[in-house]
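Sequence lines, in order, name chains A and B. If you want this note's numbering, it's the position in the first sequence, counting the first as 1, plus 295. If you want this note's numbering, it's the position in the second sequence, counting the first as 1, plus 38. Okay, structure first, notes after.
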Amino acid sequence: MSNVLHKVKKAAIPAVIAAATSLGMSAPAMAEWSPKKPIELIIMAGAGGGADQIARLLQGLIEKKDLSPRPVIPINKAGGSGAEALRYIQDKAGDDHTILVTLNSFYTTPVIQEGIGVDVSNFTPIGRMAIDNFLLWVHQDMTDITDLDSYVAAVKAAGNSWKVGGTGTGQEDSILTAMMEKEFGYDVTYIPFPGGGTVAKNLVGKHIDSTVNNPAEQNEFYRAGNTKPLVQFTAERLPAYPDVPTANELGVNMEYYMQRSINGPPGMSAEAQEWYINLFKTLFESEEWQKFCVEDGLACDTYVSGADLGAYHQQQIALHKELIEAVGASSITGE
Amino acid sequence: MEEILLHLAGGLSQAMEPLNFMMIILGCALGLLIGAMPGLGSVNGVAILLPITFLVPPTSAIIFLAAIYYGAMYGGAISSITLGIPGASTAVATVFDGRPLAQTGHADKALTAAAVASFIGGTISVVLFTLFAPPLATFALKFGPAEEFSLMLLAFATFIGLGGDDIPKTIFSILVGLVLAAVGLDIISGQPRLVFGDIDGFLHGINFLVLAIGIYGIGEMLWTLESTQGEVVVHKVKMSLSQLKSNLKDVKTYIGTTSLGSVLGYFVGTLPAAGATPASLMAYGLAKTFSKDPDSFGKGNVAGVAAPEAANNAASTGSMLPMITLGIPGSPTTAILLGGMIIWGLRPGPLLFTENPEFVWGLIGSLYIANFATLVINIAFIPLFVKVLTIPFTILAPIIYILCVVGGYAPTQTMHDVWLMLLFGVVGYLLRKLNYPVAPAVLAIVLGPLAERSLRQSLLSSQGEMSIFITRPISAVCILIAIGLVSYPLVKKFKKKASETAS
Numbered sequence: 296m297s298n299v300l301h302k303v304k305k306a307a308i309p310a311v312i313a314a315a316t317s318l319g320m321s322a323p324a325m326a327e328w329s330p331k332k333p334i335e336l337i338i339m340a341g342a343g344g345g346a347d348q349i350a351r352l353l354q355g356l357i358e359k360k361d362l363s364p365r366p367v368i369p370i371n372k373a374g375g376s377g378a379e380a381l382r383y384i385q386d387k388a389g390d391d392h393t394i395l396v397t398l399n400s401f402y403t404t405p406v407i408q409e410g411i412g413v414d415v416s417n418f419t420p421i422g423r424m425a426i427d428n429f430l431l432w433v434h435q436d437m438t439d440i441t442d443l444d445s446y447v448a449a450v451k452a453a454g455n456s457w458k459v460g461g462t463g464t465g466q467e468d469s470i471l472t473a474m475m476e477k478e479f480g481y482d483v484t485y486i487p488f489p490g491g492g493t494v495a496k497n498l499v500g501k502h503i504d505s506t507v508n509n510p511a512e513q514n515e516f517y518r519a520g521n522t523k524p525l526v527q528f529t530a531e532r533l534p535a536y537p538d539v540p541t542a543n544e545l546g547v548n549m550e551y552y553m554q555r556s557i558n559g560p561p562g563m564s565a566e567a568q569e570w571y572i573n574l575f576k577t578l579f580e581s582e583e584w585q586k587f588c589v590e591d592g593l594a595c596d597t598y599v600s601g602a603d604l605g606a607y608h609q610q611q612i613a614l615h616k617e618l619i620e621a622v623g624a625s626s627i628t629g630e
Numbered sequence: 039m040e041e042i043l044l045h046l047a048g049g050l051s052q053a054m055e056p057l058n059f060m061m062i063i064l065g066c067a068l069g070l071l072i073g074a075m076p077g078l079g080s081v082n083g084v085a086i087l088l089p090i091t092f093l094v095p096p097t098s099a100i101i102f103l104a105a106i107y108y109g110a111m112y113g114g115a116i117s118s119i120t121l122g123i124p125g126a127s128t129a130v131a132t133v134f135d136g137r138p139l140a141q142t143g144h145a146d147k148a149l150t151a152a153a154v155a156s157f158i159g160g161t162i163s164v165v166l167f168t169l170f171a172p173p174l175a176t177f178a179l180k181f182g183p184a185e186e187f188s189l190m191l192l193a194f195a196t197f198i199g200l201g202g203d204d205i206p207k208t209i210f211s212i213l214v215g216l217v218l219a220a221v222g223l224d225i226i227s228g229q230p231r232l233v234f235g236d237i238d239g240f241l242h243g244i245n246f247l248v249l250a251i252g253i254y255g256i257g258e259m260l261w262t263l264e265s266t267q268g269e270v271v272v273h274k275v276k277m278s279l280s281q282l283k284s285n286l287k288d289v290k291t292y293i294g295t296t297s298l299g300s301v302l303g304y305f306v307g308t309l310p311a312a313g314a315t316p317a318s319l320m321a322y323g324l325a326k327t328f329s330k331d332p333d334s335f336g337k338g339n340v341a342g343v344a345a346p347e348a349a350n351n352a353a354s355t356g357s358m359l360p361m362i363t364l365g366i367p368g369s370p371t372t373a374i375l376l377g378g379m380i381i382w383g384l385r386p387g388p389l390l391f392t393e394n395p396e397f398v399w400g401l402i403g404s405l406y407i408a409n410f411a412t413l414v415i416n417i418a419f420i421p422l423f424v425k426v427l428t429i430p431f432t433i434l435a436p437i438i439y440i441l442c443v444v445g446g447y448a449p450t451q452t453m454h455d456v457w458l459m460l461l462f463g464v465v466g467y468l469l470r471k472l473n474y475p476v477a478p479a480v481l482a483i484v485l486g487p488l489a490e491r492s493l494r495q496s497l498l499s500s501q502g503e504m505s506i507f508i509t510r511p512i513s514a515v516c517i518l519i520a521i522g523l524v525s526y527p528l529v530k531k532f533k534k535k536a537s538e539t540a541s
């Protein structure tokens, strides 16, 4: 067996050398600081979801391209719509070897669950990798529902027994669901599932009536003819869904996006922040990442990093506070 | 049918290609070692070895990861049997009878049974996979929250006989498990529950492995220390070819429970919510319920090792199905496999079977080979594993202690869980002294969160109507079987009494 291992190692050497040389040319600025021990990549959601897929893809790419002298270890801390992860990062203040991959519960969880005492504006912004989109989905067999109007009519007709599946109270899809309830004046039953993939499965199995999933979570079922999108909550139609109208086109002013960014704990050293900004810039610009974005319907046009990302966070925190206030925190928590 | 055979032949020949074959052997051997190390488990194993896969083509890479996953399922039994520490959550049920067997000098018997049962479970499930994957994927979709809850009830019912005769103590044990399962953040409202004031570590709930390692690893060690009173005990171990032959002959005594465990395991594995741990516990419960000699379970019955081992291997194959067709990982390890697939640009979903047949069938073909390879490697290593038991317990005890601490730390990487694990160890020891069965508590902490989630989801969607569980056909059938299982021991008792009075 040791013989076999040996062979694998041998095969690895040229690949590592190649990766190292290309790295040396593309990122000369990485000289000062570099990780001294394994980097914890905290995921504020469960295994198999969108954030998890992204974290594992990024880890894989870092290994593949040999971009870090120390390994990156993804750790899921999904508890309480991300509360567990946020608390963990907050308690890691000043640590240069812990980073967090976010979704929008980064903004909403500290507002809805004040008890956890987390202020994300103190976190160290590193880089925004993508903007994710939302569409409204129903099962293909719901032939009566063909557009937003017939959808709203069906939900109203069902009274509050219309079942919307989502990934959890306070998660981005629950906010969008609450926004729709307010806009159209109906009430739905919101049923939380442990991840976007499970939500999709329950829609295909007709255990729920509709959902606002990200494109990546539904695309394969859409292609297989199981589900259909009715409306997209974007400014312009996504290239992957040229025939699906946006809410704005239908006269409903509703846009909602989700950032997927990397952040460090409060008080990370400036040198480390610089190193991570460059690391994720290299990843952002890689062919693999851009390909992933196209396939998953993510917008990856500009890499926003450092102070610019911090400003973006400030603006999003304010926006989410407004949204939560508008729909009422209780309509999200269901209390 | 012909088409399936054609695809399978293609898949097998792909798996037999030198590079793929080498990846299978390497993966199985590494998996075996990873699974045998408490706390390392297949999740970490697959994660650590992910980078190696970038050196080979995507199909070979997935085959490699699947082989590790597979080997780890076999390996989990090794530390369960030899040390009494479950190497992974899927191997907890293996401790119940594997450890007593080892203590009475029959470790080789238990290890052989585990290897053979795993092989049978793996083979039956991969054949089922080959023949019925697409229809089963459709069936899995029919499982909504209501069906999941009824299945969980069914799982509890399989355990009703486990506590022995003392029913109040069994119920107590189940309730303690359910309370521990409720610790953490409420799954619907996100509010903290039972966090003892404001202890951070309880926010993520009580990890099931922390409980199992504490109760079985530490508790068992304390128990052995007490019963030996510091005397130097060395287990007698003998291992020869003739012994192996006679062990293999034993297979026919547990082939029935093994086959049952395999089919059950595969089926439970294909459901996205469940996975290999509930499957192995259910198989153990069923094996005991239907055994001619249920009292010998927990004291060293080979069938008690074979049933859960067959089920966890079958379930690990089964959980590949929701991963491939629905993109939902049935276990944390398949989540990493899923991550791997995405890195290589393979999109899991209903179309993967038709759009990437060479990948899917290569993977299926590799499972056949991995199964056989792991059996051979495992049997070859048994004499080595058994040697562990010849170490005097005075030396082994601190090693077990260290492995338990590592195993308790690994799943969440917080010291909180290490303290908790030690506490559970002491409590487990006390419960054992007072003759409380602990297996029902272990079952309850595994199934509790799954049952709670599906119960609340079901009642939300039915607006609080309990009838949802009996108006849906699959759910109703599960509940009927559960009622049957609960009453079965009673019926058996009455029959026994009736025959006693008659004679």
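The C-beta atom is built at its ideal place from N, Cα and C for all residues, glycine as well.
By the Cβ neighbour-count rule, Asp427 (chain A) is buried, with 16 or more other Cβ atoms within 10 Å of its own.
Proximity of the region 508-519 of chain B to the region 156-171 of chain B falls short of the contact definition, fewer than three beta-carbon pairs being nearer than 8 Å. Considering only B:Ile162, B:Lys287 and B:Phe246, the residue with the shortest C-alpha distance to Thr296 (chain B) is B:Ile162.
Near chain B, meaning a CB-to-CB distance below 9 Å, no residue of the region 533-567 of chain A qualifies. At a beta-carbon threshold of 7 Å, the residues of chain A lying near Gly222 (chain B) are Gly374, ordered along the chain.
Not a single CB atom of chain B sits nearer than 8 Å to the CB of Leu443 (chain A). The DSSP-derived three-state label of Trp432 (chain A) is strand. For Lys523 (chain A), the three-state secondary structure derived from DSSP is strand. Taking CB atoms only, Val459 (chain A) has no neighbour in chain B less than 8 Å away. Chain B has a Cβ within less than 8 Å of the Cβ of Leu352 (chain A). Across the region 458-480 of chain A, CB contacts with chain B closer than 8 Å involve Lys458, Gly463, Thr464 and Gly465, in sequence order along the chain. Of A:Gly490, A:Thr484 and A:Ala602, the smallest CA-CA separation from Ile366 (chain B) is found for A:Gly490.
Under the DSSP assignment, Ala378 (chain A) falls in the alpha helix (DSSP H) whose first and last residues are Ala378 to Asp386. Around the beta carbon of Asp135 (chain B), 16 or more other beta carbons sit within 10 angstroms, so the residue counts as buried. The bridge partners DSSP lists for Ala425 (chain A) are A:Arg555.
Contact with chain A is absent for His454 (chain B), since none of that chain's Cβ atoms lies less than 8 Å from the residue's Cβ. Counting C-beta atoms within 10 angstroms of its own C-beta, Gly562 (chain A) has fewer than 16 neighbours from the protein chains shown and is therefore classed as exposed. Selection A:Ala621, A:Ile619 and A:Ala613 evaluated against Val415 (chain A) yields A:Ala613 as nearest (Cα-Cα). Within chain B, the residues placing a beta-carbon under 8 Å from that of Arg382 (chain A) are Asp238 and Leu241, ordered along the chain. Contact annotation: Ala479 (chain B) and Ile106 (chain B) have beta-carbon atoms that are not nearer than 8 Å. When the Cα atoms are used, Ala126 (chain B) and Lys451 (chain A) turn out to be separated by approximately 49 Å. DSSP places Ser357 (chain B) in the coil class of the three-state scheme, outside both helix and strand.
Against Pro510 (chain A), chain B offers no close residue; the least beta-carbon distance is about 12 Å (beta-carbon pairs closer than 9 Å).
Going by C-alpha positions, Ile72 (chain B) is about 24 Å away from Ile380 (chain B). Under the three-state reduction of DSSP output, Ser469 (chain A) falls in the helix class. Assignment of beta-bridge partners to Gly461 (chain A) by DSSP yields A:Pro487. DSSP, reduced to helix, strand and coil, places Thr412 (chain B) within a helical segment of the structure shown. Interface with chain A (8 Å Cβ-Cβ cutoff): Pro310 (chain B) is included. For Ile512 (chain B), no CB of chain A lies under 8 Å from its own CB, so it is not counted at the interface with that chain. By the C-beta density criterion, Phe418 (chain A) is buried, having at least 16 other C-beta atoms within 10 angstroms. At least 8 Å separates the beta-carbon of Pro364 (chain A) from that of Ser400 (chain A).
Annotation: the continuous alpha helix (DSSP H) that includes Pro436 (chain B) extends over Phe431 to Tyr447. A straight line joining the alpha-carbon of Leu353 (chain A) with that of Ser265 (chain B) spans about 52 Å.
Judged by DSSP secondary structure, Ser505 (chain A) falls within the beta strand (DSSP E) whose first and last residues are Ser505 to Asn508. Inter-segment contact for the region 395-410 of chain A and the region 529-547 of chain A is absent: fewer than three beta-carbon pairs are separated by less than 8 Å.
With a threshold of 8 Å between beta carbons, Ile244 (chain B) makes no contact with chain A.
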